[in-house]
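Peer 1: Please find one structure pasted underneath; my questions will follow.
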Amino acid sequence: MQSFSFDPQHLPEYKPLAAYGMIGDNRTAILVGADGSVDWACLPDFDSPAVFAALLDPRAGRFAVRPAIPFQARQHYERGTNILVTEFVTAKGTARLRDFMPYVPGRRVPTAEIHRMIEGVRGEVPMEVIFEPRFGYGLHAALYDPSPYGILARHPREGSISLSSNVPLEIDGNRAVGHFTIEAGNEAWMVADWGAHEVHPVRSYQSPRRLWLTRQFWRAWIDRLRYHGRYRGVVERSLLTLKLLIYEPTGAIVAAPTTSLPEWPGGQRNWDYRYTWVRDSAFMLRALFNAGYIEEGTAYFDWLLQQCLGDADGLQVMYGIRGEHHLPERELPLRGYMDSRPVRIGNGAVHQFQLDIYGSLLDAAVRYDRHGGVLTITEWEKLRELVEVVRRRWREPDSGVWEARSGPQHYTYSKIWAWVALNRAVALALKLGVDAPVEAWTQEAMEIHAEVLERAWNPKLQAFTQAYGSEALDAAVLVMPEVGFLPASDARFQSTLRAVREHLTAREDPLLYRYLPERSDDGVGGPEGAFLLVSFWLVEALALAGDLKDARAALEKLLDHMSPLGLYSEELHPEDRTLLGNFPQGFSHLGLVNAVFRLDQVRRQREGWEVV
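Per UniProt numbering, numbering of the sequence shown is gapless, rising by one per residue and ending at 612.
What follows is the structure in C-alpha cells.
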C-alpha cells in the first residue's frame with residue numbers, strides 16, 4: 001500500500017491524483033486527499049458549484065483534518081464499501097480518519113452531509129482542523145457564525161454549510177481552525193452539513209449508527225455482483241466507483257465528478273465531465289447488466305429514453321443530470337490543477353452533431369430489452385424516429401467520438417456506429433414483432449458497411465484509419481469486432497490491430513494514445529496522455545482474436561496503473577504513469593469491467609462452457 005509524506009508546515013499546493021479517494025451519496029461525490037483534506041466538493045449535487053475547490057486552486061477552499069506534525073499517510077476503503085480510511089503515522093503515534101457520506105435511499109431533499117471520524121490507534125497525536133469553505137467554485141468567501149456546537153459558514157446568495165464538532169473552533173481570517181489531541185482508544189466526530197441554517201450538536205447526527213447503515217448498504221450492494229473470477233477485487237472497486245457516479249434522483253450517470261483536470265500538465269484539454277453522455281449508454285449497460293445490476297442499468301436507460309421524447313433531430317451528445325439541454329461553457333478565474341488553464345464549467349460539445357450516439361442508444365435498447373426492460377409503443381416510435389435520423393444523416397460528416405473542435409469529418413468510428421444503429425433496430429423490430437421497414441434498414445446497413453470497408457481502408461497503412469481519406473490512426477476502430485462490424489479474425493482488422501499497436505502505443509504496450517494530435521488536428525492543440533478506455537478496448541480485441549494470453553497480460557499491466565485505492569482517471573502520463581484527466585473516470589472503470597467479462601466469456605467459450 002503506497003504511502004505519502006506530508007509536513008503541515010510545508011504542504012504542497014497540489015497533490016497527485018493518486019493521493020485522492022472518493023466518497024459520495026448518489027447525489028454528489030467528493031475527493032478526499034491522503035493528507036485528510038476535502039479538496040473537491042460540489043454540494044449538494046454533482047453539478048452544483050464547488051464549496052471546496054482546492055483541487056483547482058489552493059485558495060479555493062478545503063476542509064482538512066490532519067496531524068499537526070509531520071506524518072506518513074496511506075488510504076484504503078473498508079472492504080466492499082465506499083467508506084474511506086486514511087491512516088496517519090507520526091513520531092508521536094498513529095491516528096485513523098474515516099470519511100463517508102450517509103446513503104439515504106429515495107432522498108429528495110437537496111442536502112449533503114460529510115461525516116468524519118478521527119480515532120486514536122497508538123500514542124497521542126496532535127491534530128488540526130481547517131474548515132475553509134469558499135462558495136461558487138472558490139470565488140466567494142464565507143461569513144462565519146460561531147456556535148456552542150461548531151460553526152456556520154454562509155453566503156447571502158450561495159447557501160450555507162455548518163460544521164458540527166466537539167473540537168473547539170475559532171475564526172482565523174477567512175477560515176475556522178481547531179486543535180486537539182487524539183489518544184489511543186478515543187474518537188472524535190465532525191459533520192459538515194450543506195444547507196443547514198444553524199449548527200446542531202454533533203451527536204444529533206447519529207454518526208456511528210449511520211456509519212453502520214452505510215457500511216451495510218454498500219456491502220449488500222456489492223454482494224449482488226455476479227462475477228467471482230480472479231479479478232473480483234478490481235471489478236468490485238470499479239463497480240463501487242461507477243455506483244458513486246449515479247445521480248439517484250433521475251438515474252443519470254456522470255462521466256466523472258470533476259471538471260477541468262487536465263489531460264496534460266499545463267495543457268488546455270480541460271473539460272467539465274459532470275454530465276451524462278449518450279454514447280456511454282451502450283458500454284455502461286453492458287457493464288451493469290453483465291455484473292448483475294439490472295436495476296441501475298434499467299433506471300439509467302429509462303432516464304435516457306425520457307431525454308429522447310422530444311424532437312429526434314435534437315438528440316444531444318450529453319445532458320445535465322436532470323435532463324438539462326443547455327450546458328453553456330464558460331471559464332473560471334482559477335489557477336487550475338497544477339496551473340493548467342482554462343478551468344471550464346459547462347461543455348460546449350453539447351450541441352455538436354455526433355453520429356455515433358444513435359448507435360449507442362439503439363445498442364443499449366437491445367440490451368435493455370434482453371434484460372427485462374419493456375419498451376412502450378411511444379418509446380419504440382421514438383427509437384424508430386432516431387433510426388430514420390441515421391438513415392437521413394449518416395452520409396454527413398460529424399464531430400466524432402472525440403468531440404473534435406476543428407470541424408466535421410467522415411469519422412470511421414461514427415460510421416461504424418451508424419451501422420450499429422440500423423443493425424440493432426432490425427434486431428429489435430424482429431424481436432418485438434412491431435411494424436418497421438426492416439428491409440430498408442437492412443439495405444441501408446449494408447450500404448454503410450460497404451462504404452466503410454472501401455473508404456476507411458488505407459492500403460498504404462494496411463489499416464482502417466480515423467476518417468475517410470485520412471492517414472491518421474485512431475484506436476477507436478478497435479471496437480469493430482465488439483460491436484459485430486467485423487470478426488476479430490478478419491485480415492483487415494488484424495492488420496489494423498497491428499498498426500494501432502505499432503503506431504499508437506504510448507512507450508509501453510498496452511497503453512495506447514487514442515490518436516496522435518500532431519497527425520490529427522482536433523482544434524484543441526497540445527499533447528495528451530495515454531487513453532485508458534481504448535487500452536481496455538485493446539484487451540477486448542486481443543481476447544476476441546483468440547489471443548487470451550496476450551489479452552490477460554495486457555489487462556494485468558493496466559491494473560498496475562491504478563491508484564493505491566484502485567481508481568483510474570481518464571488518461572496516464574506516458575513517461576511517469578501519473579494519472580491525468582478527470583478523476584475518477586467512469587469510462588475507464590467500465591472499460592475495465594467489460595474487458596474482464598470479455599476475457600471470462602472467451603475463456604468459457606474455449607473451454608466449452610455455455611455463455612449466457
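All residues carry an ideal CB built from backbone N, CA and C; glycine is no exception.
Keep in mind that this is a model prediction, so the values were computed, not measured.
What are the start and end residues of the beta strand (DSSP E) that includes Glu-124?
Peer 2: Here residue 124 is taken as the residue at index 124 of the sequence shown, counted from 1. Element bounds for Glu-124: 112–132.
Peer 1: Using a Cβ-Cβ cut-off of 8 Å (strictly less than) and excluding sequence neighbours within five positions of Thr-298, which residues of its own chain qualify?
Peer 2: Indexing the sequence shown from 1 puts residue 298 at position 298. For Thr-298, where only same-chain residues beyond five positions count, the Cβ hits under 8 Å are Tyr-368, His-371, Gly-372, Gly-373.
Peer 1: Between Val-202 and Met-127, which are expected to be in contact by the criterion C-beta below 8 Å, what is the C-beta distance as a whole number of angstroms?
Peer 2: Locating residue 202 in the sequence shown gives position 202, where the first residue counts as 1. Locating residue 127 in the sequence shown gives position 127, where the first residue counts as 1. Rounded, the Cβ-Cβ distance is 16 Å, inconsistent with contact.
Peer 1: Assuming Leu-386 and Leu-478 form a contact by the criterion Cβ under 8 Å, report the distance between their Cβ atoms to the nearest whole angstrom.
Peer 2: Mapped onto the sequence shown, residue 386 falls at position 386. Mapped onto the sequence shown, residue 478 falls at position 478. That pair is no contact at about 25 Å.
Peer 1: Whose C-alpha, out of Ser-588, Ala-551, Phe-531, Pro-584, is nearest the C-alpha of Gln-601?
Peer 2: As a first step, residue 601 is located in the sequence shown; it is residue number 601 there, counting from the start. Ranking Ser-588, Ala-551, Phe-531, Pro-584 by Cα distance to Gln-601 puts Ala-551 first.
Peer 1: In terms of residue numbering, what span does the alpha helix (DSSP H) encompassing Pro-481 cover?
Peer 2: Position 481 of the sequence shown holds residue 481. Pro-481 -> alpha helix (DSSP H) spans 480–483.
Peer 1: Under 8 Å: do the region 322–339 and the region 405–420 share three or more Cβ pairs, one atom per stretch?
Peer 2: Result no; under three Cβ-Cβ pairs closer than 8 Å.
Peer 1: To the nearest whole angstrom, what separates the beta carbons of Val-401 and Asp-356, a pair I think is in contact under 8 Å?
Peer 2: The count along the sequence shown starts at 1 and reaches residue 401 at position 401. The count along the sequence shown starts at 1 and reaches residue 356 at position 356. Indeed, because the Cβ distance is near 6 Å, the residues count as touching under 8 Å.
Peer 1: Look at Pro-564 and Gln-75 and say whether their C-beta atoms are less than 8 Å apart.
Peer 2: One-based indexing of the sequence shown puts residue 564 at position 564. One-based indexing of the sequence shown puts residue 75 at position 75. For Pro-564 and Gln-75, yes; Cβs fall inside 8 Å.
Peer 1: Output yes or no for whether 8 Å exceeds the beta carbon distance between Phe-63 and Leu-84.
Peer 2: Walking along the sequence shown from the start, residue 63 turns up at place 63. Walking along the sequence shown from the start, residue 84 turns up at place 84. In this structure, Leu-84 does not lie closer than 8 Å to Phe-63 by Cβ.
Peer 1: Following the continuous alpha helix (DSSP H) through Tyr-413, name the residue where it begins and the one where it ends.
Peer 2: Position 413 of the sequence shown, counting from 1, holds the residue named residue 413. Segment 412–432, the alpha helix (DSSP H) holding Tyr-413.
Peer 1: Where does Val-611 sit, in a helix, a strand or coil, going by DSSP?
Peer 2: Here residue 611 refers to the residue found at position 611 when the sequence shown is read from its first residue. In this prediction, Val-611 has a pLDDT of 46, which is less than 50 and means its spatial position is unreliable; what the coordinates show is noted afterwards. DSSP places Val-611 in coil when its eight states are reduced to three.
Peer 1: Once the 5 residues before and after Arg-209 are set aside, which same chain residues still bring their CB inside 7 Å of it?
Peer 2: In the sequence shown, counting from the first residue as 1, residue 209 sits at position 209. Nothing listed; no residue qualifies.
Peer 1: What is the DSSP secondary structure of Ile-30, counted as helix, strand or coil?
Peer 2: For this step, residue 30 is matched to residue 30 along the sequence shown. Strand at Ile-30.
Peer 1: Once you ignore the five residues that flank residue 613 on each side, which residues in its own chain have a CB closer than 6 Å to its CB?
Peer 2: Because residue 613 is not part of the residues shown, which for the chain are 1 to 612, the question remains open.
Peer 1: So, using beta-carbon positions, are Glu-198 and Leu-163 closer together than 8 Å?
Peer 2: Numbered from its first residue, the sequence shown carries residue 198 at position 198. Numbered from its first residue, the sequence shown carries residue 163 at position 163. Cβ atoms of Glu-198 and Leu-163: not closer than 8 Å.
Peer 1: Between Tyr-300 and the rest of its own chain, which residues show a CB-CB distance below 6 Å, the 5 nearest in sequence each way excluded?
Peer 2: Position 300 of the sequence shown, counted from the first residue, corresponds to residue 300. Same-chain partners within the cutoff: Gly-251, Ile-253.
Peer 1: Drop a sphere of 10 angstroms on the beta-carbon of Ala-349, count the other beta-carbons inside from all chains shown, and report buried for 16 or more, exposed for fewer.
Peer 2: Taking the first residue of the sequence shown as position 1, residue 349 is located at position 349. Its Cβ being crowded by 16 or more others within 10 Å, Ala-349 is buried.
Peer 1: Out of Ile-69, Gln-206, Arg-344, which has the shortest C-alpha to C-alpha gap to Val-129?
Peer 2: Residue 129 sits at position 129 when you count from the first residue of the sequence shown. Nearest option by C-alpha distance: Ile-69.
Peer 1: Output needed for Ser-535: all residues of its chain with C-beta closer than 7 Å, excluding positions within five of it in sequence on either side, in chain order.
Peer 2: Along the sequence shown, one-based indexing puts residue 535 at 535. The residues are Pro-510, Leu-511, Leu-512, Leu-558.
Peer 1: Can you name, in chain order, every residue of its own chain whose Cβ lies under 8 Å from the Cβ of Pro-44, other than the five neighbours on each side?
Peer 2: As a first step, residue 44 must be located in the sequence shown, where it is residue number 44. So the qualifying residues of the chain are Arg-27, Thr-28, Pro-110, Thr-111, Ala-112, Trp-194, Gly-195.
Peer 1: My assumption, with CB atoms under 8 Å, is that Leu-473 sits in contact with Leu-422. Please give the rounded CB distance.
Peer 2: The count along the sequence shown starts at 1 and reaches residue 473 at position 473. The count along the sequence shown starts at 1 and reaches residue 422 at position 422. With 8 Å as the limit, Leu-473 and Leu-422 do not qualify as a contact, their Cβ atoms being about 26 Å apart.
Peer 1: DSSP three-state call for Asn-594: helix, strand or coil?
Peer 2: As a first step, residue 594 is located in the sequence shown; it is residue number 594 there, counting from the start. Asn-594: helix per DSSP, three-state reduction.
Peer 1: Need the endpoints of the alpha helix (DSSP H) that Thr-442 sits in, please.
Peer 2: Here residue 442 corresponds to residue number 442 of the sequence shown, with the count starting at 1. Looking at the DSSP string, the run of the alpha helix (DSSP H) that includes Thr-442 is 438–455.
Peer 1: Quick check: Ala-291 and Leu-225, are their CB atoms within less than 8 Å of each other?
Peer 2: In the sequence shown, the residue the question calls residue 291 occupies position 291. In the sequence shown, the residue the question calls residue 225 occupies position 225. Yes, the Cβ-Cβ distance between Ala-291 and Leu-225 is below 8 Å.
Peer 1: Since Leu-169 contacts Phe-131 with CB under 8 Å, what's their CB separation in whole angstroms?
Peer 2: Position 169 of the sequence shown, counted from the start, is the residue given in the question as residue 169. Position 131 of the sequence shown, counted from the start, is the residue given in the question as residue 131. Their Cβ separation, rounded to whole angstroms, is 7 Å, which keeps Leu-169 and Phe-131 in contact under 8 Å.
Peer 1: Give every residue of the same chain whose Cβ lies closer than 7 Å to the Cβ of Glu-571, excluding the five residues on either side of it in the sequence, and list them in chain order.
Peer 2: Within the sequence shown, residue 571 is the residue found at index 571, counting from 1. Excluding positions up to five away in sequence, the list reads Glu-263, Glu-528, Gly-529, Ala-530, Phe-531, Leu-532, Leu-580, Gly-581.
Peer 1: Determine the extent of the alpha helix (DSSP H) in which Leu-214 is found, giving its start and end residues.
Peer 2: By one-based count along the sequence shown, residue 214 stands at place 214. First, the amino acid is wrong: residue 214 is Thr here, not Leu. 207–222 is the extent of the alpha helix (DSSP H) around Thr-214.
Peer 1: Val-500 and Leu-239 - do their beta-carbons sit closer together than 8 Å?
Peer 2: Residue mapping note: residue 239 aligns to position 239 of the sequence shown, counting from 1. Residue mapping note: residue 500 aligns to position 500 of the sequence shown, counting from 1. Going by C-beta atoms, Leu-239 is not nearer than 8 Å to Val-500.
Peer 1: Can you tell me whether Gln-605 is helix, strand or coil according to DSSP?
Peer 2: Numbered from its first residue, the sequence shown carries residue 605 at position 605. Helix, per DSSP.
Peer 1: If we ignore side chains and look at the alpha-carbon of each, how far apart do Lys-415 and Ser-260 end up?
Peer 2: Looking up residue 415 in the sequence shown gives position 415. Looking up residue 260 in the sequence shown gives position 260. Computed Cα separation, rounded: 30 Å.
Peer 1: Of the choices Trp-212, Asp-435, Thr-496, Arg-603, whose alpha-carbon is the least far from that of Met-117?
Peer 2: For the purposes of this step, residue 117 is identified with residue 117 of the sequence shown, where counting begins at 1. Closest option to Met-117, Cα to Cα, is Trp-212.
Peer 1: With respect to the alpha helix (DSSP H) encompassing Met-190, which residues constitute its N-terminal and C-terminal limits?
Peer 2: Within the sequence shown, the letter at position 190 stands for residue 190. Met-190 -> not in any alpha helix (DSSP H); beta strand (DSSP E) instead, spanning 187–194.
Peer 1: Using a Cβ-Cβ cut-off of 6 Å (strictly less than) and excluding sequence neighbours within five positions of Gly-323, which residues of its own chain qualify?
Peer 2: Counted from its first residue, the sequence shown places residue 323 at position 323. Answer for Gly-323: Gln-307, listed in chain order.
Peer 1: When burial is assigned at 16 or more other CB atoms within 10 Å of the CB, is Asp-313 buried or exposed?
Peer 2: On the sequence shown, residue 313 is found 313 positions in, with the first residue counted as 1. When all chains shown are included, Asp-313 counts as exposed.
Peer 1: Smallest Cα separation from Val-438: which of Ala-176, Arg-424, Ile-448?
Peer 2: In the sequence shown, residue 438 corresponds to position 438, counting from 1. For Val-438, the nearest C-alpha among the options comes from Arg-424.
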